[in-house]
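All letters in the sequence shown, in the order written, are residues 1 to 243 by UniProt numbering.
C-beta: ideal position from N, C-alpha, C; glycine also.
All figures in this text were calculated on a predicted structure; none of them were measured in a lab.
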Amino acid sequence: MIALEEMTQVYAGQRVLGPVNLVLEAGERVALVGASGEGKSTLARLLLGLERPASGRLMFDGSVLDRRARPVMRTFRRQVQGVFQDAPGAVNPRHRVERIISEPLEHLTSLDRSARQARVMAMLAAVQLPTELASRLPHQLSGGQLQRVCLARALAIEPALLVCDEVTSGLDTILQVALGDWLLAHCRQQRMGLVFVTHDLRLARRLCDRLVVIERGVILDDVRAHQSCTHPAAMALEAAVLT
Ligand SMILES: Nc1ncnc2c1ncn2[C@@H]1O[C@H](COP(=O)(O)OP(=O)(O)OP(=O)(O)O)[C@@H](O)[C@H]1O
1 MIALEEMTQV YAGQRVLGPV NLVLEAGERV ALVGASGEGK STLARLLLGL
51 ERPASGRLMF DGSVLDRRAR PVMRTFRRQV QGVFQDAPGA VNPRHRVERI
101 ISEPLEHLTS LDRSARQARV MAMLAAVQLP TELASRLPHQ LSGGQLQRVC
151 LARALAIEPA LLVCDEVTSG LDTILQVALG DWLLAHCRQQ RMGLVFVTHD
201 LRLARRLCDR LVVIERGVIL DDVRAHQSCT HPAAMALEAA VLT
């Protein structure tokens, strides 16, 4: 469905990523794991087409994704959604929850107003938030609630792939597990693919069927989730996390 080909990224004259080659099949659940600052978020942003790579290309359904081709970008946005750790930074502080979740429905689907309203309520219930929260502003929610609003917004348009960057790291452990399990069930039910960026190898294995280990901007290991890592540095990371 999506492929990164020979992709690199350079910030302030320094290469922080790549070259990376990564193919994601439709419906696949892939964890991007690695220590802090190794390039996971950069890779996630490139996968979402949110920034221009220094070199390489992003393929979508067999063609190079061309940002200037509006209909293709619209399809891409409909099918590939992202949710980030910084939920407060990802929403307009002056918009109420209902409007936040409804916005992509307005731009990317042909649902009318009442259908959009119904979808917003269904999504709130799906992420286990009371529907009364629909009329609240972002600052009137807890961090975990706002994170779930962002998740509801991304899932409302029924994407084929969801890219989650550290979405559970600000939550308590119980909520992390609950949200992770809900996300897994949702992926299975909707046959939705998932790219799950995390430091947490155990959560990665719980949710995903493939582990991609990143260090210093390159892919060290790419294994099935139930397998152990094979690269020595990835094995060291695995041992450190599990200890
Ligand atoms: N906009 C930017 N300008 C300059 N350097 C950046 C920028 N964004 C990221 N970097 C650098 O690129 C490298 C990779 O960062 P990235 O955020 O991708 O890592 P990460 O693995 O997601 O880390 P974490 O787990 O801590 O979120 C880091 O060295 C970081 O300092």
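Taking Glu38 as the centre and dropping the five residues before and after it, the same chain places the C-beta of Ile214, Glu215, Arg216, Gly217 closer than 8 Å to its C-beta, in chain order. Assigned with DSSP and collapsed to three states, Ile157 falls in coil, not helix or strand.
If you draw a 10 Å sphere on the C-beta of Pro130, you find fewer than 16 other C-beta atoms in it, and that means exposed.
Distance check between Leu108 and each of Met235, Arg96, Arg15, Arg70 places Arg70 closest, using alpha-carbon atoms only. For Gln176, the CB contacts under 6 Å within the same chain, skipping 5 residues up- and downstream, are Thr168 in chain order. Among the bridge pairs identified by DSSP, Ser135 is matched with none.
Look at Val91 here: in three-state DSSP terms it is coil, with no helix or strand label.
At a cut-off of 3 residues, the continuous stretches assigned as beta strand (DSSP E) that sit fully inside the region 45-84 are 55-60, 80-84. Within the same chain, Cβ atoms closer than 7 Å to the Cβ of Arg206 are found at Gly180, the five residues on either side in sequence being excluded.
Secondary-structure assignment with DSSP links Cys164 through a beta bridge to Val83, Phe196. Residue state for Thr230 is assigned as coil, using DSSP reduced to three classes. Taking C-beta atoms as the reference points, Ala225 and Asp209 count as a pair closer than 8 Å.
In this structure, DSSP gives Arg205 a helical state, which the three-state scheme calls helix. Pairing Gly82 with Leu65 gives a Cβ-Cβ distance that is not under 8 Å. Nearest C-alpha to Leu58 among Leu183, Ile2, Pro138, Thr230: Ile2. DSSP, reduced to helix, strand and coil, places Thr8 within a strand of the structure shown. In the DSSP assignment, Val20 forms a beta bridge with Met7. Residue burial is scored here from C-beta neighbours: Ile100 has at least 16 other C-beta atoms within 10 angstroms and is therefore classed as buried.
A straight line joining the alpha-carbon of Thr230 with that of Met121 spans about 45 Å. The residue among Asp200, Ala239, Ser102, Gln79 with its C-alpha nearest the C-alpha of Gln190 is Gln79. Distances taken from the Cβ of Val16 to the heavy atoms of ligand 1 include one shorter than 7 Å.
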